Structures are given as structure tokens and as C-alpha cells.
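Numbering (the numbering used here), first residue to last: 2 to 140. One structure is given here, and the rest of the page talks about it.
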Ligand code: THU
């Protein structure tokens, strides 16, 4: 399933809208229902209005009625780094980690940071966001 998720993320990377940073990001989330939802970063001429790929993928899933995310694959391409430069392992930013936290069990959620279908690092959300604040904290 990791490979399929990475393929989905790679397949939407060209839709990334990143004319300002030149840093294209795409994500694909796998939900409880077994469905996959993709998202890309969408930048804005008013810079802070831009949205990350992971947040967009989560928002798309939740908008379709999903409430639980099992895993997420993240890929990127740095247009400014020039031709032939390899994209790195893209780690989700702090805001994206917190957005994921809302709809996942941190011990269970697998975050797949991929360069390609067979070259990736995998960590749990808990490893990336220890001692997190979540919905249970308000119960
Ligand atoms: N970006 C993401 O889409 N996800 C991340 O986790 C890190 C950063 C985007 C935001 C912005 O459009 C570009 O990458 C450069 O920061």
C-alpha cells in the first residue's frame, strides 16, 4: 500500500501551484474507508494565504466525510534546485503535523516521506509530534 500511496502523490505533483517558492509538494492520504485522497500545495501572491499539500489532502478527505487517516505519503520537487537535482525526503511542517493529529492516532499514523516508490523514510506521527495536543485533550 505504501507504493500505491506514493504513486498517487507523485501522480498529482504536476498540479502543485508553487510559482513563488518553486517548491512543489504533493501528498496522498489513505483513510479508514480504504480510499485515497491527494492534495498539493497552493501558493498565493499574498504569501501567508498559501496552503500546504498535506493540509489540502486532509481537507479533501474530511470534506468527503472521512474522519480517520491511516497513512500519508509526501513527495516534492524543487524547481529552483535545477535540472537533474533529486527531490529530498519531505517532512511535514509543524502546522501539517497538527492538522494530521486531529484525524489520526499518532501511534498508528504512518508518515511516508518519499523520493520515489522504492526510496522513502517512514515514521509515525508520534515520532514527528511527541506529546501532542489532540481532541482527547479537550474531553
Ligand atoms: N509545503 C508543503 O506543502 N508542505 C510541507 O509540509 C512543507 C512546505 C509547501 C508550502 C510552500 O508552498 C512551499 O512548500 C515552500 O515552503
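Every residue, glycine too, gets a C-beta built ideally from N, C-alpha and C. Predicted, not measured: the structure shown is a model, and the values here were computed from it.
Residue i Cβ short of 7 Å to the ligand THU heavy atom set
i           : result
residue 20  : no
residue 24  : yes
residue 89  : no
residue 123 : no
residue 93  : yes
residue 16  : no
residue 54  : yes
residue 12  : no
residue 79  : no
residue 42  : yes
residue 66  : no
residue 35  : no
residue 4   : no
residue 135 : no
CB-CB length for residue i against residue j, believed under 8 Å
i           : j           : result
residue 91  : residue 26  : 6 Å
residue 127 : residue 111 : Contact flag wrong, Cβ pair sits at about 11 Å.
residue 59  : residue 104 : 6 Å
Cutoff 8 Å; reference residue i; Cβ partners in own chain excluding five residues on either side
i           : result
residue 37  : 5, 6, 9, 29, 30, 31
residue 18  : 41, 42, 43, 44
residue 107 : 125, 126, 127, 130, 133, 135
residue 56  : 40, 96, 97, 100
Other residues of its chain near residue i: CB distance less than 7 Å, five sequence neighbours each side excluded
i           : result
residue 114 : 75, 90, 91, 92, 121, 122
residue 118 : 4, 7, 8
6 Å Cβ shell around residue i - same chain, five flanking residues per side excluded
i          : result
residue 54 : 26, 27, 28, 40, 41, 42
residue 51 : 44, 45
residue 3  : 113
residue 11 : 76
Three or more C-beta pairs below 8 Å linking the region 43 to 50 and the region 68 to 83: no
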